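> Residue numbers (UniProt numbering): 1 to 131.
This is the structure I want to talk about, given as structure tokens.
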Amino acid sequence: MFAVFKLSPVWRLLLMAVGAFLIYASWTLWVNYNLDPAAAFFSAWVYGLYSFSITLLLSVTNEIAAKKLNHGARALAMFITVQTGFMIGVSYLVNYLAGTPDIIKTIALGAILSIIFSTSYVLGLRQSKLH
């Protein structure tokens, strides 16, 4: 399906985590820069590190879910819902503690992409037969 699934699990995890850092740090800087440049740079660094870490965690749980969950759509939907709820809650807390000026806009992209990422990742692993 995707070339990334041909990589070893460790390389898949690291590649996605680095990508998350770059994307979300840039997004946070762009969304918040006009409100408070100093806070935007700090928030970008914090949210980039958070995104790196949470992407590693989500990817590991996705790898496990692809192996352990039954193949029903209901189980996958429940897994994605719980995982996304956890990610949104922690994202809000991290950005609140970092003093991010516009938290909702900052975490909106991550929430949407997390749903897409987790769903396609688990389905991609199942289809690629690498799990």
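Virtual Cβ for every residue (Gly too), placed ideally from N, Cα, C.
Nothing here was measured: the structure is a model prediction, and the numbers come from that model.
Along the chain, where does the alpha helix (DSSP H) that runs through Pro37 open and close?
First-last of the alpha helix (DSSP H) with Pro37: 37 to 68.
> Taking the alpha carbon of Tyr24 as the reference point, which residue from Arg12, Ala66, Pro9, Phe42 has its own alpha carbon closest?
Phe42
> So which of Leu76, Ile112, Arg12 has the shortest CA-CA distance to Val60?
Arg12
> Could you tell me if the beta carbon of Leu49 falls within a distance shorter than 7 Å of some heavy atom in the ligand MN?
As presented, the structure is devoid of all ligands, the ligand MN included, so that no description of it is given.
> By the three-class DSSP mapping on this structure, what secondary structure does Tyr33 have?
Tyr33: coil per DSSP, three-state reduction.
> What did DSSP end up calling Gly19 once you bin it into helix, strand or coil?
helix
> Within 10 angstroms of its Cβ, does Gly48 collect 16 or more other Cβ (buried), or is it exposed?
buried
> With DSSP as the reference, label Ile116 as helix, strand or coil.
helix
> Touching or not, the segment 25 to 44 and the segment 99 to 115, by the rule of three or more beta carbon pairs under 8 Å?
yes
> In whole angstroms, what is the alpha-carbon distance linking Ile88 and Lys68?
24 Å
> Excluding the 5 residues preceding and the 5 following Asn32 in the sequence, name in chain order all residues of the same chain whose CB lies nearer than 7 Å to its CB.
Ala39, Ala40, Ser43, Thr100, Pro101, Asp102, Thr106
> Can you check whether the CB of Val122 is closer than 8 Å to the CB of Leu76?
yes
> My understanding is that Val18 touches Phe52, with C-beta atoms under 8 Å, so please give their C-beta distance in whole angstroms.
7 Å
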